[in-house]
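Just so you know, the sequence shown maps onto residues -18 to -1, 1 to 371 in mature numbering (1 follows the signal peptide of the UniProt record, and there is no 0).
Where a beta carbon is used, it is the ideal one built from N, C-alpha and C, also for glycine.
As structure tokens, the structure follows; a few thoughts come after it.
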Amino acid sequence: MNLFLFGLFALVVTECYTKDLRKSKEESDQEAAIERLDTIAMMAEDDADFMIGENRKLKLNEPETLLINDQRKNTQLGSESTDTERRLSREKRKALRDTKYRWTGKVIPFEIALNEFSRKHSRYIHKAINHWQNYTCLRFTPRTTQANYVYFQKGHGCSSDVGMVKGKQTIVLDAPCMGIRTLLHEIGHAVGFVHEHMRPDRDSYIKIISDHIPKPIRNNFGKLASSQINSHGVPYDYNSVMHYSKTLGGNTVIETVDRTYQDKIGHSQKLSFYDIKLANLMYSCDESCAPGTVCPDEGFVGKDCKCYCPGDPVRLCRDSAWNGRTSRVTTSKTEGSIQPIQLDTRETLGLVINDIQRPAQTKKPQRLQDLKRLPITTDKYRSEDYRQF
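What follows is the structure, given as structure tokens:
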């Protein structure tokens, strides 16, 4: 009898031990899968295959392969959260309000891990860096001895810290992360950007389908408070490289209020106009320019003190008065018409007269309104504005 009981006890212990091992392995496998896929939510449109590198494919079918975006070092989760949840959650803001996260001197030193990326992928990284650099006053410089710097390395998933966090901060890039959109996105985090769909005003523009989002990654879809971010007056942007796509693992997780954008979110292959504008405002790229310049068409003053308006993605605002130039015409006539100076430059395509000085006895500048715009004279790259008075 004792022998029978001992055998039964041993069988139960063995079974429990086996279950624990199986459970431990399943948890480990699931955690590894989650880590492995860390960011490509913005790239996953459905359960179809998508390419990893040149020839390999990854199938998005199993629950544990749902994708996770952008781990952060500093968690805001409470003690009741699991280690995995804490590790997968990091604080995010559209543009960090605290200026201590801005890069000193607008310079971002960087290193690319030796022998970890192919020559082609290294070119992609440099292409994304140059894209940010071309449209902003930020300068990305190869690191020498700088203490604070960005380090590009291969790893599991795609992730980046938000803003300058002191010391070596890593942008982790797995093979699926090497597309230009994902590279711009992760570098955007390092610059200080967070997800567009987490803005405090997002409910006016999108609806989040929380039931379709696994709990460990819901932090990537949370809504931030106005006290946490500074959008610098830049409106919600469906075209931002920081916006997720509509689906995750084949399920719709984001619905746009304006349905014309439903299939467009999460697909930008370049910085949008508002991405560029926000970066220029965040880093005060116009601080060396004359104060008080007001640009038309939601434009902004760039690092060269000229106004940039929405384009593809930006263009010089056509009127040179908004490009740091004004003209003043004085006339002794009491009636008639005036003509501004002619421009002969490809850089500035137009001229607006800010004000006209009437005869000396009046002493009051007359601001020109309702200018008649004539077609640009393409042979000399100039335009002329006339106004009767």
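Sorted by chain position, which residues of the same chain lie with C-beta nearer than 6 angstroms to residue i's C-beta, five sequence neighbours on each side aside?
i, result
"residue 248", "24, 225, 226, 227"
"residue 189", "237"
"residue 250", "221, 223"
"residue 281", "289, 290, 291, 299"
"residue -15", "Reliability fails at residue -15, whose pLDDT of 48 lies under 50, so the model's placement of it is uncertain and no value is given."
"residue 256", "216, 219"
Indicate whether residue i and residue j have their beta-carbon atoms separated by less than 7 angstroms.
i, j, result
"residue 120", "residue 88", "yes"
"residue 291", "residue 299", "yes"
"residue 134", "residue 94", "yes"
"residue 410", "residue 91", "This structure leaves residue 410 out entirely; the chain is present only between -18 and 371."
"residue 154", "residue 174", "no"
"residue 123", "residue 262", "no"
"residue 171", "residue 147", "no"
"residue 285", "residue 216", "no"
"residue 187", "residue 132", "no"
Based on the DSSP output, what are the partners of residue i in its beta bridges?
i, result
"residue 292", "296"
"residue 176", "Per DSSP, none; premise fails for residue 176."
"residue 373", "Residue numbering for the chain in the displayed model covers -18 to 371; residue 373 lies beyond these limits and cannot be assessed."
"residue 123", "91"
"residue 189", "237"
"residue 140", "155"
For residue i, I'd like the list of residues in its chain whose CB is within less than 7 angstroms of its CB, leaving aside the five on either flank, ordered along the chain.
i, result
"residue 183", "218"
"residue 283", "268, 271, 275, 277, 289"
"residue 125", "91, 92, 93, 131"
"residue 103", "160"
"residue 142", "52, 153, 168, 171, 172"
"residue 208", "182"
"residue 149", "129, 130"
Between which residues of its own chain and residue i is the CB-CB distance below 8 angstroms, once the five residues before and five after are set aside?
i, result
"residue 252", "113, 162, 166, 223, 295"
"residue 110", "162, 165, 166, 169"
"residue 191", "233, 234, 235, 236, 237"
"residue 185", "205"
"residue 84", "78, 145, 146, 174, 264, 265"
"residue 245", "228"
"residue 1", "At residue 1, the pLDDT of 48 sits below 50, so the modelled position is not reliable and the matter cannot be decided from this model."
"residue 273", "none"
Whole-angstrom Cβ separation of residue i and residue j, contact assumed at under 8 angstroms?
i, j, result
"residue 194", "residue 235", "5 angstroms"
Item to complete: Output the residue ranges of the beta strand (DSSP E) runs that lie fully inside the region 204 to 292 and measure 3 residues or longer, sorted by chain position.
Response: 236 to 238, 289 to 292
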